[in-house]
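Going by our numbering, the letters in the sequence shown line up with residues 31 to 283, in that order. Worksheet: one structure, shown below.
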Amino acid sequence: MKLLENKVAIITGSGAGIGKEIATAYAQEGAKVVIADFNEEVMNATVKELTGAGLTAMGVKVNVSNEEDVQHMVKESIAKFGRVDILVNNAGVGDNMQAAANVQDDVWNRVMDINVTGVMRCMRSILPHFEENGGGTIVNMASLAGVMGGRGGLTYTAAKHAVVGMTKNVASHYGPLNIRANAIAPGHVVTGFNAKMTNIDPFGMKQATRGTSMMTKAGTPADVAHIALFLASDQSHLINGVTITADGGWSAY
31 MKLLENKVAI
41 ITGSGAGIGK
51 EIATAYAQEG
61 AKVVIADFNE
71 EVMNATVKEL
81 TGAGLTAMGV
91 KVNVSNEEDV
101 QHMVKESIAK
111 FGRVDILVNN
121 AGVGDNMQAA
131 ANVQDDVWNR
141 VMDINVTGVM
151 RCMRSILPHF
161 EENGGGTIVN
171 MASLAGVMGG
181 RGGLTYTAAK
191 HAVVGMTKNV
201 ASHYGPLNIR
211 ANAIAPGHVV
221 TGFNAKMTNI
231 DPFGMKQATR
241 GTSMMTKAGT
251 PADVAHIALF
261 LASDQSHLIN
271 GVTITADGGW
281 SAY
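Printed below as a string of structure tokens:
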């Protein structure tokens, strides 16, 4: 039997990158997956790719910082598949490595709206459904910046620390209801995420990358997907409220 046989999973930000890799891994292990993404073009392409491979997937366009979009995402998923068992909060944006003295309000607000409020909205929306179903699993995408102080800009660091805190809170409060919440904190993973940042703060970048000489090999989206698969499966049923640092030991130095 496959690890996620007959499970239904919503993965936000899964049109490309790590999110797509997680969705693919879940679908290959028997899950029906919801590709939830703001970019409709990549969302549709990923759904087509998965269904073309004989896997089960649907797409829902969503801006996770918008309450109506999030509610629509959950309702459409339940309407299509009858239930939801897994939520992966993967959607997120960067902060251009802005150091504290250089933080711009529009960057702060956008990062917080998507990386923090978006995670909250998605969990808030799915938790009543999990309670009704007698359980569920949440996997939040944090970052090494969520467990260390200097590996990102101020806003991104604050946002990912908030994700780690929310993960622990939900695990503590909802664990007795058979609902688990864990997070993954990747270090350096080869994706297009950093390439999308513009107007990078030179001081913030310089300070945040001082330790790169001690960095071990870079990870891949597949490496992170393997961890997300484990956390979503019953193999990790005793793990709740944990943030798994996936950085090849970089933070151990």
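Cβ coordinates follow ideal geometry from the N, Cα and C atoms, glycine included.
Within the region 177-240, complete alpha helix (DSSP H) segments of at least 4 residues are found at 184-204, 232-238, given in chain order. Taking all protein chains in view, the Cβ of Val133 is crowded by 16 or more other Cβ atoms within 10 Å, so the residue is classified as buried.
With respect to the C-alpha of Ala130, the residue from Gly84, Asp67, Gly122, Gly182 having the closest C-alpha is Gly182. Residue Ala189 holds the alpha-carbon nearest to the alpha-carbon of Asn139 among Lys105, Ala189, Asn119. For Thr246, there is no enclosing beta strand (DSSP E), as DSSP gives it neither H nor E.
Comparing alpha-carbon positions, the option among Ser173, Val123, Ile156 lying closest to Tyr204 turns out to be Ile156.
Taking all protein chains shown into account, Arg151 has 16 or more neighbouring C-beta atoms within 10 Å of its C-beta and is therefore buried.
For Val72, same chain residues with a beta-carbon under 6 Å away, outside a window of 5 residues either side, are Gly45, Ala46 in chain order. Where Leu80 is concerned, the enclosing alpha helix (DSSP H) starts and stops at 70-82.
In this structure, His159 places its C-beta atom within 9 Å of the C-beta atom of Ile108. Note on Ala255: 16 or more other CB atoms within 10 angstroms of its CB, so buried under the neighbour-count rule. Under the criterion of beta carbons closer than 8 Å, Val114 and Ile40 qualify as touching, at roughly 6 Å. A residue is called buried when at least 16 other Cβ atoms come within 10 angstroms of its Cβ; Pro216 meets this threshold and is buried. Burial is judged here by how many other beta carbons sit within 10 angstroms of a residue's own beta carbon; Gly84 has fewer than 16 and is exposed. Spanning the alpha carbons of Asp277 and Leu174 requires a straight line of approximately 8 Å.
In terms of Cβ geometry, Ala282 and Val118 do not form a close pair [threshold 9 Å]. The DSSP-derived three-state label of Leu33 is coil. Inter-segment contact for the region 61-69 and the region 78-94 is present: three or more beta-carbon pairs are separated by less than 8 Å. Taking the C-beta atoms as reference points, Ile144 is found no nearer than 9 Å to Met171. A straight line joining the alpha-carbon of Pro206 with that of Pro232 spans about 46 Å. Counting along the chain, the unbroken alpha helix (DSSP H) around Val141 starts and ends at 135-141. Annotation for Asn163: Arg113 place their beta carbon closer than 7 Å to its own, counting only its chain and skipping 5 residues before and after. In the displayed model, Val123 falls within coil according to three-state DSSP, outside both helix and strand.
For Asp67, the secondary structure class from DSSP, reduced to helix, strand or coil, is strand.
Comparing C-alpha distances from Met31 to each of Ala53, Ala61, Ile52, Thr54 shows the shortest one belongs to Ala61. Approximately 12 Å separates the beta-carbon atoms of Gly165 and Ala211; this is outside 8 Å, ruling out the contact. In the structure shown, the three-state DSSP call for Gly166 is strand.
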